[in-house]
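Student: Reminder that position 49 of the sequence shown reads as 50 in our numbering, one-by-one numbering, no gaps.
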Amino acid sequence: MAKNKPYAKKLRLLRAVKSNRRVPAWVIQRTKRRFTRHPKKRSWRRNKLKA
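#1: Could you tell me whether the Cβ atoms of residue 52 and residue 22 are closer together than 8 Å?
#2: Are the Cβ atoms of residue 39 and residue 18 separated by less than 8 Å?
#3: Less than 8 Å between the C-beta atoms of residue 20 and residue 6, yes or no?
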């Protein structure tokens, strides 16, 4: 990937990184383990971005 990226693409990549976090422990605890896995979780090897 290029070192110099367009600003819009950089924002899209940043949003993808931020949205790929795990579900917080306090959310799992508050929902009594009903919500443990993130439905939009993405693996860098399996699911590619269209950014």
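Just so you know, even glycine gets a beta-carbon here, dropped at the ideal spot from N, CA and C. Source: prediction; values computed, not measured.
Tutor: So, to answer that:
#1: no
#2: no
#3: no
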